[in-house]
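Structure record follows, encoded as structure tokens.
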Amino acid sequence: MIQLTHSHLQTIYTHAENAYPEECCGILLGTIVGDNKRCIKVITTSNAWNTEETPEAFTHSQEYGRNKRYTISPKDLLQAQKQAREDSLSIIGIFHSHTDNPAIPSEFDREYAWQEYCYIIVSVQKGRAVDIKSWYLDDNHQFQQQKLFSTKIFINFCKDTISKATV
Ligand SMILES: [Zn+2]
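Everything in the sequence shown is counted per the working numbering, starting at 969 for the first residue and increasing by one.
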């Protein structure tokens, strides 16, 4: 499960709608307790696909534009890692948008995904964010959907469960 606040969701939706018809992307910082990830900070980044900041691994496959592909520049990823360290948080996931397509990972998304992150995809149809889903990789490197839980503010309703689980 991944938990976000309504304000985190709003940040993601706005970033996605502003980037339309291109895909947007960003990084989620937060905490991890067992299988539960709690987002604390949303970092919006620019889509570095097909720019001079495109990581080396993708420079051979530039036939698609930023309306079909996204990548986060190594510089933005480093900056997020630094910020996570300073705030005693972890990078818990990556988000990006699919424009005029459902919030379901593509084969490209699957191929380049990392097991330790969750992947949030927001579907933007005709310029408006209409759906959001969260995914994680299973042991066979296949995406499984996970519960995305959003609240106005975080409440420690699962504190008992967490302390029992760590005993
Ligand atoms: Zn995608």
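C-beta: ideal position from N, C-alpha, C; glycine also.
None of the values given here were measured: they were computed from a predicted structure.
So, helix, strand or coil for TYR1038, using DSSP? coil
Can you list the alpha helix (DSSP H) stretches of 4 or more residues lying completely in the segment 1051-1126, in chain order? 1075-1079
Are PHE1076 and ILE995 closer than 9 Å when you measure CB to CB? no
Which word fits GLY998, buried or exposed, when buried means at least 16 other C-beta atoms lie within 10 angstroms of its C-beta? Sixteen is the threshold: when 16 or more other Cβ atoms of the shown chains lie within 10 Å of the Cβ of GLY998, as they do, the residue is buried.
Segment limits, beta strand (DSSP E) that includes THR999: For THR999, the uninterrupted beta strand (DSSP E) run begins and ends at 993-1001, by DSSP.
Using C-beta distances below 8 Å, list every residue in its chain close to ASP1068, excluding the 5 sequence neighbours before and after it, in chain order. PRO989, VAL1092, GLN1093, LYS1094
Quick one: grab the DSSP three-state call for THR1019. coil
With a CB to CB cut of under 6 Å and the five nearest residues on each side skipped, what residues in its chain are close to ASP1083? Note on residue identity: the sequence assigns Gln, not Asp, to residue 1083. Around GLN1083: LEU1105.
So TYR988 is in the alpha helix (DSSP H); what residue range does that whole segment cover? Looking at the DSSP string, TYR988 is not in any alpha helix (DSSP H), and its letter there is neither H nor E.
Between which residues of its own chain and GLU985 is the CB-CB distance below 8 Å, once the five residues before and five after are set aside? VAL1092, GLY1095, ARG1096, ALA1097
THR1119, buried or exposed, once every other Cβ within 10 Å from all chains shown has been counted against 16: The residue in question, THR1119, is exposed, as its Cβ has fewer than 16 Cβ neighbours within 10 Å.
Using CA coordinates, which residue listed in LEU977, THR1039, THR973 is at the minimum distance from ASP1099? LEU977
To which residues of the same chain is THR982 closer than 7 Å at the C-beta, ignoring the five residues directly before and after it? Residues of the same chain with a CB within less than 7 Å of the CB of THR982, apart from the 5 flanking positions on each side, do not exist.
Measuring CB to CB, does ASP1044 end up less than 9 Å from SER1014? yes
Contacts around GLN1114, its chain only, beta-carbon distance under 7 Å, and the 5 residues preceding and following it disregarded: MET969, ILE970, CYS1086, SER1102, TRP1103, TYR1104
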